[in-house]
Every structure is written in structure tokens, then in C-alpha cells.
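Some notes on the structure that comes next.
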Amino acid sequence: MEEDLRPINGIKGWMILMVSVLLFGCATSRDVQVLDRDIGKSYSEIKTLKKENDSFKSELSIIKNEMSGLKSDLSMDNQRSKADLLLQIKNLQTEIRSLSTGVEEYKEFSKRPSKEVDRVKADMEGRLKILEERGKTFEEKNRSQEGKIKEFEEKNKSQEGKIKELEDRLKELTGKMDKLTSRQAEIEKPPSKELLSEIKGVSAGAGDLYKDAYETFQKNDLEGARRKFEVFLKQYPNTELSDNAQFWIGETFYLKKDYEKAILEYEKAIAKYPEGDKIPSALFKQALAFLELGDKTNARNLLRRVIERYPQSDQAEMAKKRLEAIK
């Protein structure tokens with residue numbers, strides 16, 4: 019995850035730029051300190067989440083291996099039990115045929131003197147007793163096998179519950195990491211973009227209005243930030259900051275988990291400002307929104323588009339990793 023973040027020298031360069039602009043009255047030392055603290059906090063949170071994510075993946079792998087072993091053991095037990103049951107059934111069938119033959123003999127001997135009849139009758143009763151005992155043994159073995167199967171099913175159900183819990187936790191961690199990565203990019207890039215734009219000639223009024231909207235966004239007042247960015251676009255629809263403002267409107271919907279509206283707002287940034295530098299970010303975030311909606315096909319297409327059209331961007335590296343993770 020650390021490879022996805024900007025190099026330390028880049029951040030230092032940004033800070034130098036911030037100090038330079040400060041000398042011209044465009045920013046305050048407090049802005050620099052707040053942004054620097056936010057960046058450090060985001061790096062720390064991303065590292066912590068990555069360690070926790072790796073730990074859960076390791077535990078999930080162990081449990082899956084356990085389940086594979088249990089299934090293999092059950093398969094072998096089932097094969098042995100099946101062979102044993104088939105042998106017992108075959109023996110029972112032989113006994114039944116023998117008993118049927120004995121019955122026929124009994125009918126024949128019943129026509130003979132009583133002593134011979136008594137002998138055959140005693141022989142038949144002995145055979146019947148043996149057959150009943152074997153039948154009981156067979157039923158006991160069958161019950162034992164059913165018990166084993168039930169025990170495995172219960173253990174399997176418990177393991178599946180663990181796996182589901184871990185997968186949910188992994189998904190939650192991945193979501194947090196995505197948000198932190200996005201947050202990191204927001205902290206680093208937009209302020210420098212804003213200041214550079216002001217230096218290049220954006221009017222003080224436009225710069226102040228944009229800065230106010232962005233600071234509201236940083237405070238997590240998503241509704242307030244969206245309204246301010248919309249006001250900015252109405253007054254300044256075609257400035258160096260307009261594509262940024264449109265992108266942040268999409269972000270307010272994404273963070274509210276209204277992914278369908280987020281996709282539409284990101285698309286506006288792409289369509290209205292085709293030369294803007296927010297297109298890679300907008301495409302990448304559209305892909306993440308489609309993933310949240312369960313649409314892996316569109317997500318894959320958008321990630322490939324980022325990689326192919328903007329191979330040198332930070333988003334291209336992130337897109338490669340997300341594409342590899344989609345199954």
C-alpha cells in the first residue's frame with residue numbers, strides 16, 4: 019500500500035510550494051500544519067489497516083485449508099463406509115437367499131415324519147436368529163455413520179460461519195483502505211492544485227469560494243460541501259478549478275454510499291472537462307462505485323481504461339492492484 023502513496027520528496031516539494039505561496043498571502047501556516055498532520059495521520063491509518071488486512075487473510079487461508087482437510091477425511095470415511103455397507107448388504111442378500119432356500123426345504127420336510135420336521139425347524143430358527151443379529155449390527159453401524167456425517171456438517175457450518183465473518187471483515191477493511199487512499203490523494207493534491215491555479219490567474223473570488231467549499235469537505239460536512247461546490251460551478255463553470263469542484267461533488271455522494279449518483283457526477287467531470295486532470299481519478303472512483311454495486315464487468319472495463327489511457331498516473335497503479343483482486 020505504501021508504494022501507492024506519493025514519495026516523501028513529493029510531499030516536501032508540496033510543502034515548499036505552500037510556504038512560497040504563503041509569502042504571497044495565498045495561504046496560512048495553519049493550512050500547511052493541518053494538511054501535514056492529516057497526511058501523516060492517513061499514512062499511519064493505512065499502515066495499520068494493511069497489517070490487520072494481512073492478518074485476516076492469513077487466518078482465512080488457515081481455515082480454508084482446515085476445511086479442505088475435513089472434506090478429504092470425510093470423503094475417505096465415506097468411501098470406506100460405502101464399501102463396508104455394500105459388503106454387508108451383499109452378505110444379507112446371501113443370507114436371505116439361503117433363508118428362502120431353507121423355507122422351501124422346510125415345506126418339503128413338513129411332509130415328512132415329525133422328527134425331520136423338528137430338525138429343519140430348529141435349523142431355520144437358528145438361521146433367523148443369526149440374521150436378526152447381523153441386521154442389528156448393520157443398523158448400529160449405519161447410525162454411527164450418520165452421526166459422523168452430522169458431526170462433520172455441524173463443524174463445516176461453524177467453519178463456514180468463521181469464513182463468512184472474516185470475509186466480511188476483509189471487505190470492511192478494504193473499504194476503509196480505499197477511503198483512506200482517496201482521502202490521502204484529496205489532502206495532497208487539491209490544495210496544491212488550488213494554489214497553482216490562483217497563481218496562474220484564477221480570480222481571488224473564485225479561489226476563496228473554492229477553498230471554502232474544500233475546507234467544508236475536509237470537515238466531513240458532505241451536504242454543506244456539495245452545496246458550496248455547486249454554487250462555485252454556477253458562478254465559475256469554466257475555470258481551472260471547475261473540474262475539481264465537479265469531482266468533489268461526486269465524492270460527497272460516494273462517501274454517503276449513494277454510489278449511483280456518485281457515478282453520474284464523476285461522469286460529468288469526465289464529459290464536461292475532457293482536458294482536466296481529474297479524469298483518471300473520476301474513472302477510478304467510478305470503477306470502485308460499480309464494485310460496491312456488485313457490477314464487476316463495468317468495474318473491470320473502467321479500471322482497464324485508466325491503465326491504458328493514463329499509464330503514468332497514480333490511479334493506474336491502484337487500478338492494476340484492484341483489477342488483480344477482482345475474481
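For reference, each letter of the sequence shown is one residue, going 19 to 345 in the working numbering.
Glycine included, each C-beta is placed from N, C-alpha and C at the ideal position.
- Under the 10 Å beta carbon count, residue 337 is surrounded by 16 or more other beta carbons and is classified as buried.
- By the 16-neighbour rule on beta-carbons within 10 angstroms, residue 261 is buried.
- Across the set 191, 271 and 258, the C-alpha of 271 shows the shortest separation from the C-alpha of residue 243.
- A Cβ-Cβ separation of about 7 Å places residue 174 in contact with residue 85 under the 8 Å criterion.
- The shortest CA-to-CA distance from residue 276 to any of 308, 300 and 322 is the one to 308.
- The continuous alpha helix (DSSP H) containing residue 260 extends over residues 260-273.
- Proximity to residue 241 across 259, 273 and 71 peaks at 273, based on C-alpha coordinates.
- Taking one beta carbon from each stretch, the segment 289-304 and the segment 319-332 have 3 or more pairs nearer than 8 Å; the two touch.
- Rounded to the nearest whole angstrom, the CA to CA distance from residue 68 to residue 62 is 10 Å.
- At least 7 Å separates the beta-carbon of residue 278 from that of residue 267.
- For the options 235, 314, 292 and 192, the alpha carbon positioned closest to that of residue 66 is the one of 192.
- Beyond the five residues adjoining it in sequence on each side, residue 228 comes within less than 7 Å, by CB distance, of 212, 250, 259 and 263 in the same chain, given in chain order.
- When only Cα atoms are considered, residue 183 and residue 149 end up about 51 Å apart.
- By the neighbour-count criterion, in which a residue is buried when 16 or more other Cβ atoms sit within 10 angstroms of its Cβ, residue 225 is buried.
- Your pair residue 180 and residue 297 does not check out as a contact, with CB atoms roughly 42 Å apart and the cut at 8 Å.
- DSSP places residue 256 outside both helix and strand once states are collapsed to three, so it counts as coil.
- Per the C-alpha coordinates, the member of 232, 289, 102 and 78 positioned closest to residue 247 is 232.
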